[in-house]
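Scroll down for the structure; my scribbles are underneath it.
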Amino acid sequence: MEHISDRVAVMYLGKIVETAETAALYARSAHPYTQALVSAIPEPDPDRRRQRIILAGDAPNPEDPPPGCAFHPRCPQVMPQCRTVIPPRIDLGRPASPHPVVCHLYGSDDPRKEATPLPASPRG
18 MEHISDRVAV MYLGKIVETA ETAALYARSA HPYTQALVSA IPEPDPDRRR QRIILAGDAP
78 NPEDPPPGCA FHPRCPQVMP QCRTVIPPRI DLGRPASPHP VVCHLYGSDD PRKEATPLPA
138 SPRG
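So the mapping is simple: this note's numbering equals the position in the sequence shown, first residue as 1, plus 17.
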C-alpha cells in the first residue's frame with residue numbers, strides 16, 4: 018500500500034478507525050489497531066528491529082460487536098470509557114491533510130467532538 022496509495026483507511030470490524038495520507042499513517046499511526054498493523058510490517062534491514070505489538074485474544078464477532086469501542090477487548094491501551102462509550106472521531110491532521118482517528122486516546126475540549134453514549138442495549 019505504501020507504494021501504490023496516496024491515502025489509506027484502516028478498518029476494524031467493518032468500520033473505519035483511521036484515515037491518513039500513506040506516509041503519515043506509516044510514520045505516525047494513531048489508532049492502537051493501526052499501530053499493531055504497522056508494527057507487523059517486515060523490516061527489510063536485518064540490523065533494524067521494529068517493536069512488535071502483539072494483540073491478545075481473538076477478534077470479536079462482527080455480527081455482534083462489543084459495546085463502546087469494538088477494539089477494546091484487544092486494545093493494549095484500553096480505558097474504562099472504551100468499554101461503554103462509542104469513541105469520537107478526532108482529526109489529528111491539518112486542513113490540507115486530514116488524519117481522522119476514532120479513539121478515546123485523543124480527547125477534545127471541543128463540545129462538538131464529544132463521544133456519543135451508547136443507546137440502551139436490547140440484550141439487557
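Ideal Cβ positions, reconstructed from N, Cα and C, are used throughout, including at glycine.
### Message
Does R129 come out as helix, strand or coil in the three-state DSSP assignment?
### Response
Because R129 carries a pLDDT of 33, less than 50, the predicted location of this residue cannot be relied on, and the following value inherits that uncertainty. Note: R129 maps to helix in three-state DSSP.
### Message
Using DSSP's beta-bridge definition, name the partner residues of S114.
### Response
R111, per the DSSP bridge assignment.
### Query
Under the DSSP definition of a beta bridge, which residues are partnered with T36?
Partner residues in the beta bridge of T36, as assigned by DSSP, are A26.
### Query
Is V102 helix, strand or coil when you go by DSSP?
Reduced to three states, the DSSP call for V102 is strand.
### Task
Please check if any C-beta of chain C sits within less than 8 Å of the C-beta of L122.
Protein chains in the displayed structure number just one, and chain C is not present.
### Task
Please check the pair I33 and V27, which I expect to be a contact at CB under 8 Å, by giving their CB distance rounded to whole angstroms.
Indeed they touch by this definition, with Cβ atoms about 7 Å apart.
### Query
DSSP three-state call for V95: helix, strand or coil?
In the three-state DSSP reduction, V95 falls in the coil class, being neither helix nor strand.
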